[in-house]
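Trainee:
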Amino acid sequence: MEISRNDNGEHAKQNNNNNVTPVIGSDRTNVIVNHDFSLGTHSWHPNCCEASVVTADSGIPHGVLDPSKYGSYVVVKNRKETWQGLEQDITSRVKPCSLYKVSATVAVSGPVQGLEEIIATLKLENQQSPTNYQFIAKTCVFKEKWVRLEGMFSLPSVPERIVFYLEGPSPGIDLLIQSVTIHLDSEPERERLEGVTVEDENLVVNPNFEDGLNNWSGRSCKIVCHDSMADGKIIPQSGKAFAAATERTQNWNGIQQEITGKVERKRVYEATAVVRIYGNNVTSATVQATLWVQNPNQRDQYIGIANVQATDKEWIQCKGKFLLNGSASRVVIYIEGPPPGTDILLNSLTVKHAEKIPPSPRPPIENPAFGVNILTNSQLTDGTTNGWFPLGNCTLSVAEGSPRILPPMARDSLGPHEPLSGRYVLVTNRTQTWMGPAQMITDKLKLFLTYQISVWVKLGSGINSPQNVNVALGIDSQWVNGGQVEINDDKWHEIGGSFRVEKQPSKALVYIQGPSSGVDLMVAGLQIFPVDRLARIKHLRRQSDKIRRSDVILKFSGVDASKLSGATVKVRQTRNSFPVGTCISRSSIDNEDFVDFFLKNFNWAVFGNELKWYWTEPEQGKLNYQDADDMLNLCSSNNIETRGHCIFWEVQATVQQWIQKMNQTDLNTAVQNRLTSLLNRYKGKFKHYDVNNEMLHGSFYQDKLGKDIRVNMFKTAHQLDPSATLFVNDYHIEDGCDPKSCPEKYIEHILDLQEKGAPVGGIGIQGHIDSPVGPIVCSALDRLGILGLPIWFTELDVSSINEHIRGDDLEVMMWEAFGHPAVEGIMLWGFWELFMSRDNSHLVNAEGDVNEAGKRLLAVKKDWLSHANGHIDQNGAFAFRGYHGNYAVEVITSSSQKVLKTFVVEKGDSAQVITVDLQGL
Numbered sequence: 001m002e003i004s005r006n007d008n009g010e011h012a013k014q015n016n017n018n019n020v021t022p023v024i025g026s027d028r029t030n031v032i033v034n035h036d037f038s039l040g041t042h043s044w045h046p047n048c049c050e051a052s053v054v055t056a057d058s059g060i061p062h063g064v065l066d067p068s069k070y071g072s073y074v075v076v077k078n079r080k081e082t083w084q085g086l087e088q089d090i091t092s093r094v095k096p097c098s099l100y101k102v103s104a105t106v107a108v109s110g111p112v113q114g115l116e117e118i119i120a121t122l123k124l125e126n127q128q129s130p131t132n133y134q135f136i137a138k139t140c141v142f143k144e145k146w147v148r149l150e151g152m153f154s155l156p157s158v159p160e161r162i163v164f165y166l167e168g169p170s171p172g173i174d175l176l177i178q179s180v181t182i183h184l185d186s187e188p189e190r191e192r193l194e195g196v197t198v199e200d201e202n203l204v205v206n207p208n209f210e211d212g213l214n215n216w217s218g219r220s221c222k223i224v225c226h227d228s229m230a231d232g233k234i235i236p237q238s239g240k241a242f243a244a245a246t247e248r249t250q251n252w253n254g255i256q257q258e259i260t261g262k263v264e265r266k267r268v269y270e271a272t273a274v275v276r277i278y279g280n281n282v283t284s285a286t287v288q289a290t291l292w293v294q295n296p297n298q299r300d301q302y303i304g305i306a307n308v309q310a311t312d313k314e315w316i317q318c319k320g321k322f323l324l325n326g327s328a329s330r331v332v333i334y335i336e337g338p339p340p341g342t343d344i345l346l347n348s349l350t351v352k353h354a355e356k357i358p359p360s361p362r363p364p365i366e367n368p369a370f371g372v373n374i375l376t377n378s379q380l381t382d383g384t385t386n387g388w389f390p391l392g393n394c395t396l397s398v399a400e401g402s403p404r405i406l407p408p409m410a411r412d413s414l415g416p417h418e419p420l421s422g423r424y425v426l427v428t429n430r431t432q433t434w435m436g437p438a439q440m441i442t443d444k445l446k447l448f449l450t451y452q453i454s455v456w457v458k459l460g461s462g463i464n465s466p467q468n469v470n471v472a473l474g475i476d477s478q479w480v481n482g483g484q485v486e487i488n489d490d491k492w493h494e495i496g497g498s499f500r501v502e503k504q505p506s507k508a509l510v511y512i513q514g515p516s517s518g519v520d521l522m523v524a525g526l527q528i529f530p531v532d533r534l535a536r537i538k539h540l541r542r543q544s545d546k547i548r549r550s551d552v553i554l555k556f557s558g559v560d561a562s563k564l565s566g567a568t569v570k571v572r573q574t575r576n577s578f579p580v581g582t583c584i585s586r587s588s589i590d591n592e593d594f595v596d597f598f599l600k601n602f603n604w605a606v607f608g609n610e611l612k613w614y615w616t617e618p619e620q621g622k623l624n625y626q627d628a629d630d631m632l633n634l635c636s637s638n639n640i641e642t643r644g645h646c647i648f649w650e651v652q653a654t655v656q657q658w659i660q661k662m663n664q665t666d667l668n669t670a671v672q673n674r675l676t677s678l679l680n681r682y683k684g685k686f687k688h689y690d691v692n693n694e695m696l697h698g699s700f701y702q703d704k705l706g707k708d709i710r711v712n713m714f715k716t717a718h719q720l721d722p723s724a725t726l727f728v729n730d731y732h733i734e735d736g737c738d739p740k741s742c743p744e745k746y747i748e749h750i751l752d753l754q755e756k757g758a759p760v761g762g763i764g765i766q767g768h769i770d771s772p773v774g775p776i777v778c779s780a781l782d783r784l785g786i787l788g789l790p791i792w793f794t795e796l797d798v799s800s801i802n803e804h805i806r807g808d809d810l811e812v813m814m815w816e817a818f819g820h821p822a823v824e825g826i827m828l829w830g831f832w833e834l835f836m837s838r839d840n841s842h843l844v845n846a847e848g849d850v851n852e853a854g855k856r857l858l859a860v861k862k863d864w865l866s867h868a869n870g871h872i873d874q875n876g877a878f879a880f881r882g883y884h885g886n887y888a889v890e891v892i893t894s895s896s897q898k899v900l901k902t903f904v905v906e907k908g909d910s911a912q913v914i915t916v917d918l919q920g921l
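This is how it looks when you write it as structure tokens:
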């Protein structure tokens with residue numbers, strides 16, 4: 001279909017009041033889409049305000065802004081802040097090191113008093129660093145006078161997102177915009193471009209479909225090239241054409257291009273696709289960019305690069321990174337995702353070597369005021385609810401009779417503290433679950449500080465079922481979980497939680513919610529205070545010294561005592577016996593740099609997916625153990641112990657479709673076959689097994705096969721491999737965020753399995769945690785420790801956009817584990833960028849650079865090594881105190897003779913006497 005737009009529209013004529021000639025019509029070289037609002041507000045977005053287009057048919061009074069004379073324009077209204085205005089994402093249409101000229105025709109209306117400023121600004125966003133703003137230009141305007149705003153900008157590099165916007169007039173003043181253009185004024189010299197060809201070269205041929213569909217193909221569907229669709233309502237965002245993948249019958253059908261031979265292994269590439277959807281009455285769907293890789297051994301790999309929620313209304317950018325660890329015989333990039341019958345529209349696709357983004361510095365935090373409550377009138381000391389307001393139509397009042405002591409987790413953080421007032425907020429007339437007491441805290445939060453939440457809560461009479469009570473935070477439009485508890489009695493309960501804010505919010509409030517409508521809620525002594533990480537770690541160092549170190553006496557033998565008297569001794573610990581492991585994947589071990597870091601810094605491993613049933617038997621009877629075999633061979637040949645994760649997974653979404661379709665008899669047979677096949681093959685090779693993953697959050701096998709199936713899984717696994725310790729494994733155990741998996745529920749679950757004969761030998765806490773607070777984590781460990789079973793953090797990861805803060809969180813969690821006597825090991829859930837399950841959680845950047853969080857891991861592990869220097873005493877001995885593990889001792893006599901020996905300090909509380917034979921010195 002031909003584009004049905006006039007590209008040569010006449011310019012509006014000047015008049016005596018305004019010497020401005022607005023630019024109208026379509027301009028293919030303009031970075032701005034819909035620059036004259038002829039398509040309404042398409043591609044434009046009002047920023048926390050409203051926008052509408054005024055045309056000749058709008059019926060406004062004629063005057064200087066009469067659209068019948070000077071063309072349509074947009075009115076940006078209901079502005080409550082100066083920065084509110086109109087914006088457009090221009091990321092895909094701006095090139096680095098190029099000079100752009102900006103021109104906009106603007107005005108103001110409303111209660112204008114004198115001159116008003118209008119400003120053109122760029123918002124530059126990178127996920128791992130704070131948002132930056134670049135000023136372009138500003139102009140001053142009188143009421144209802146069109147003015148030209150002009151300026152220029154250039155970017156040395158293109159961030160992940162670039163947003164152009166107009167802002168500036170006082171709140172309450174309407175911003176009027178007639179047109180906006182951004183044109184390329186000049187590009188870098190050709191010689192410079194040629195100098196960076198390797199970095200800037202797009203691996204995709206014919207990326208904008210200027211040459212039709214050459215080099216493109218359909219992935220089991222038809223593809224068509226268009227210059228417009230839907231009677232001209234859909235036009236390219238950039239360039240002259242776009243492609244449609246149509247007649248799709250599967251989600252994975254789409255449009256593809258082969259880039260074999262262009263992608264180098266161990267290099268990071270960034271793919272950017274401009275996409276939308278069309279047809280089949282689907283208005284919104286996930287669109288994904290995927291890489292299909294065939295390795296030289298014919299093993300297929302699918303790498304999800306990025307996904308985005310696309311709509312049928314506008315183009316949107318889908319952007320992400322990927323890396324190939326090993327060699328590839330074929331590489332194809334394709335766009336997939338929407339339901340069958342819905343077309344995928346692709347305007348452009350680029351694949352370039354990703355620019356390295358420098359890490360953010362440690363954020364400055366002035367006067368953190370550790371332990372100081374940021375809430376107003378928390379204790380209700382004046383007998384009123386001043387500072388609080390009801391969220392919804394509930395009623396707040398003050399009553400007496402609540403606990404006067406701090407909740408235990410807060411007491412552990414704050415130490416000795418004055419008694420609470422005994423007053424509480426009574427919330428009545430609740431007609432919705434979210435109703436409760438609330439308080440604004442926007443101006444009281446400091447970025448990157450970790451806050452602990454502590455409160456006593458109680459419910460009124462008439463409870464018929466367990467009720468969740470939650471401390472929630474509304475951070476702009478995001479809900480943040482500040483801790484939850486389940487209540488089924490008339491007692492006071494503690495809620496403990498934590499949170500952190502890493503981007504400046506425009507609005508933040510805290511509120512208590514959760515019980516069913518009609519249930520009265522009582523809230524006492526709510527506190528939100530920053531926690532002192534370094535003070536906590538200082539405490540944990542002292543604790544670790546008690547449980548992880550022993551007094552050691554080295555008794556030297558085999559040499560005359562006179563020869564040894566006064567000899568110099570240098571003791572160096574080479575390895576701490578406390579297990580610190582990591583998750584690995586089959587593709588990652590093809591990367592020599594990954595393997596090098598892994599072998600140097602970890603002594604345990606767990607496989608991310610390769611042992612799971614959906615990986616080893618994706619189709620019934622087609623077994624794949626090769627990946628797990630390869631990984632196990634790497635570990636065993638380097639003395640790395642391994643955990644088996646997992647035999648089964650109770651969450652239905654993780655169960656293969658062929659299993660879900662089975663009847664009870666066939667499913668029971670399949671379960672027994674899985675146990676027999678896996679445990680016979682690897683008997684004695686995995687030290688641990690997670691038998692049935694996440695039983696607190698899923699119940700597929702129990703629902704299908706009855707309650708006894710879980711116990712039978714443990715019993716059969718133990719019979720097949722008696723040497724393996726069998727674990728339960730679940731998440732949100734340690735953070736106070738999930739009543740389903742609080743420590744009490746986990747204890748009840750474990751005891752129930754054991755009472756029925758399941759040989760549960762270990763407790764797995766996954767440890768996917770945000771903003772960890774030591775006393776909250778320690779409280780969960782203390783409660784679970786009463787079972788007497790070894791506790792492992794089995795999937796530990798932490799996340800922050802700032803590497804230093806990420807390192808802080810990791811340090812807290814490592815010391816909490818190391819400093820608790822019930823914990824016997826830590827497994828990280830990966831460390832390498834692009835191969836983590838969570839964003840902003842990696843410790844090593846994709847091309848091998850250890851980041852600040854990774855350096856913290858290495859520093860903590862170094863702290864866990866003991867060293868001692870001194871001299872052999874007159875009894876031929878040397879005493880020191882050291883962590884359990886492997887050591888080397890060097891003895892140097894007065895005559896400069898040297899000997900190097902090794903020894904092991906075993907776990908234990910009592911002093912250890914270790915004989916070192918120096919015969920031959």
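Residue 1 is where the sequence shown starts when you use the UniProt record's numbering, and the numbers rise one by one after that. Just so you know, even glycine gets a beta-carbon here, dropped at the ideal spot from N, CA and C.
List the endpoints of the continuous beta strand (DSSP E) containing residue 665.
Mentor: Residue 665 -> not in any beta strand (DSSP E); alpha helix (DSSP H) instead, spanning 664–681.
Trainee: Three or more C-beta pairs closer than 8 Å, one from the stretch 209–227 and one from the stretch 306–319: is that the case here?
Mentor: Counting Cβ pairs under 8 Å, fewer than three are found: no touch.
Trainee: Going by DSSP, which residues form a beta bridge with residue 246?
Mentor: 222
Trainee: Take residue 924 and list the residues in its own chain whose beta-carbon comes closer than 7 Å to its own, dropping the five residues that flank it on each side.
Mentor: The requested residue 924 does not occur in the structure, where the chain is confined to residues 1 to 921.
Trainee: In the DSSP assignment, what are the bridge partners of residue 140?
Mentor: 117
Trainee: List the residues that DSSP assigns as beta-bridge partners of residue 916.
Mentor: 556
Trainee: Which first and last residues belong to the beta strand (DSSP E) in which residue 881 is found?
Mentor: 877–883
Trainee: Name the DSSP bridge partner or partners of residue 153?
Mentor: Partner(s): 100.
Trainee: Which residue or residues does DSSP assign as beta-bridge partners of residue 473?
Mentor: 480, 510
Trainee: What is the rounded straight-line gap between the Cα of residue 767 and the Cα of residue 793?
Mentor: Near 6 Å, if we compare the C-alpha coordinates of residue 793 and residue 767.
Trainee: Can you tell me whether residue 831 is helix, strand or coil according to DSSP?
Mentor: Reduced to three states, the DSSP call for residue 831 is coil.
Trainee: First and last residue of the beta strand (DSSP E) that includes residue 845?
Mentor: Note, residue 845: premise wrong, no beta strand (DSSP E); not H, not E.
Trainee: Have a look at 378, 496, 861 and flag the residue whose alpha-carbon is nearest the alpha-carbon of residue 413.
Mentor: Relative to residue 413, the option among 378, 496, 861 whose CA is nearest is 496.
Trainee: Quick one: using the 10 Å Cβ neighbour count with 16 as the cut-off for buried, is residue 928 buried or exposed?
Mentor: Absent from the structure is residue 928, since the part of the chain shown begins at 1 and ends at 921.
Trainee: Can you have a look at residue 923 and say buried or exposed, based on whether 16 or more other CB atoms are within 10 angstroms of its CB?
Mentor: This structure cannot settle anything about residue 923, because the visible part of the chain is limited to 1 through 921.
Trainee: Run the CB neighbour count on residue 48, radius 10 Å, all protein chains shown included, and call it buried at 16 or more, exposed below.
Mentor: exposed
Trainee: Where does residue 302 land, buried or exposed, given buried means 16+ other C-beta within 10 angstroms?
Mentor: Exposed is the call here.
Trainee: Can you list the beta strand (DSSP E) stretches of 3 or more residues lying completely in the stretch 578–664, in chain order?
Mentor: 580–584, 604–607, 641–649
Trainee: Given a threshold of 16 other Cβ atoms within 10 Å of its Cβ, counted over all protein chains shown, does residue 142 qualify as buried or as exposed?
Mentor: exposed
Trainee: Using the three-state DSSP reduction, which class does residue 724 fall into: helix, strand or coil?
Mentor: coil
Trainee: Could you spell out the range, first to last residue, of the beta strand (DSSP E) harbouring residue 391?
Mentor: Element bounds for residue 391: 389–391.
Trainee: Excluding sequence positions up to five away, which residues of its chain have a Cβ less than 6 Å from the Cβ of residue 572?
Mentor: 867, 888
Trainee: When the Cα atoms are used, what is the spatial distance from residue 665 to residue 708?
Mentor: 15 Å
Trainee: For residue 812, report the span of its alpha helix (DSSP H) as first-last.
Mentor: 803–818
Trainee: Excluding the 5 residues preceding and the 5 following residue 306 in the sequence, name in chain order all residues of the same chain whose CB lies nearer than 6 Å to its CB.
Mentor: Correct list, in chain order: 289, 318, 319, 320.
Trainee: Under the DSSP definition of a beta bridge, which residues are partnered with residue 330?
Mentor: DSSP lists 294 as partners of residue 330.
Trainee: For the beta strand (DSSP E) holding residue 394, just list the boundary residues, first then last.
Mentor: Here residue 394 belongs to no beta strand (DSSP E), and DSSP marks it neither H nor E.
Trainee: Ordered along the chain, which non-local residues of its own chain (more than five positions away) have a Cβ less than 7 Å from that of residue 46?
Mentor: 76, 86
Trainee: In the DSSP output, what is residue 739 paired with across the bridge?
Mentor: Under DSSP, residue 739 takes part in no beta bridge, so it has no partner.
Trainee: Considering only residues of the same chain and omitting the five flanking positions on each side of residue 741, which have a CB-CB separation below 8 Å?
Mentor: Annotation for residue 741: 696, 697, 730, 731, 732, 733 place their beta carbon closer than 8 Å to its own, counting only its chain and skipping 5 residues before and after.
Trainee: Would you mind stating whether residue 475 and residue 373 have Cβ atoms separated by less than 8 Å?
Mentor: no
Trainee: Between which residues of its own chain and residue 809 is the CB-CB distance below 6 Å, once the five residues before and five after are set aside?
Mentor: 772, 798
Trainee: How many Å lie between residue 139 and residue 119 at the Cα?
Mentor: Those two C-alpha atoms are separated by around 7 Å.
Trainee: Going by DSSP, which residues form a beta bridge with residue 265?
Mentor: Bridge partners of residue 265: none, in fact.
Trainee: Under three-state DSSP, which class holds residue 860?
Mentor: helix
Trainee: Could you check where the beta strand (DSSP E) with residue 700 kicks off and where it finishes?
Mentor: First-last for residue 700: 700–705, but that is the alpha helix (DSSP H), not the beta strand (DSSP E).
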